[in-house]
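In structure tokens:
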């Protein structure tokens, strides 16, 4: 993490001063994770690198997660994106097979404002690529320590996102969801809506999820000799009771 921060600190960026201040604040305040979350929301090498490898931020974040308790989220959030037909099939199959859950494998930015998420879903596609406009609707029926509210939550807990108007909630890696319903798109220009509900496994905390994920990870490696990732999610079959 420190090496990555040093690289960002020296790169040529319009946000150099802000980046530098956030890094200094992080180092000065006992490695306060709030500064890292703010830094993640900036369009920097830090963000781009973490989209490929989430561990440099995930590890310190998990360690300091109790400090973010006031930001644990409950409710609905939305994420707009483009998907190929093959990627959509993953969600369709997950919905049809009872007990199947999907697991995020990276940080996922979402919004409490559906209209903002839909704007991202309808963004112009590159090179006329054949992709569908998709809106993911995430339901957190219970307070979840794997969904962090980056908006202002109190007078002394300001917005952590660079883009306050986006009303961002950050979903952490290894968060579990069940596909409840899919509203199919009428054509390639229509919006496909996928409804997902957060699944909390026994003990109701992040560490239990990580422990279960690692056990399932090893089972899959043993059975298939390799681990296959499916777009933004990793597919498992839930083998223990829901709570």
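In this note's numbering, the protein residues as written are 472 to 714.
Using N, Cα and C, we set each Cβ at its ideal position, and we do this for glycine too.
- Annotation: residue 538 to residue 512 spans about 19 Å, alpha carbon to alpha carbon.
- Residue 670 holds the alpha-carbon nearest to the alpha-carbon of residue 649 among 670, 633, 663.
- Straight-line measurement puts the Cα of residue 629 at about 18 Å from the Cα of residue 490.
- For the options 661, 493, 540, 564, the alpha carbon positioned closest to that of residue 651 is the one of 564.
- At a Cβ-Cβ threshold of 8 Å, residue 641 and residue 619 count as neighbours.
- Residue pairing by DSSP places residue 603 opposite 554 in a beta bridge.
- In this structure, the CA atom of residue 554 is about 42 Å from the CA atom of residue 499.
- A direct Cα-Cα distance of roughly 8 Å separates residue 562 from residue 665.
- Here residue 505 is buried, its C-beta having at least 16 other C-beta atoms within 10 Å.
- Contiguous beta strand (DSSP E) elements confined to the region 488-528 do not occur, taking only those with 3 or more residues.
- In terms of Cβ geometry, residue 644 and residue 582 do not form a close pair [threshold 8 Å].
- 614 is the residue among 521, 660, 493, 614 whose C-alpha sits nearest the C-alpha of residue 544.
- In terms of CA proximity to residue 602, 559 leads the group 535, 609, 616, 559.
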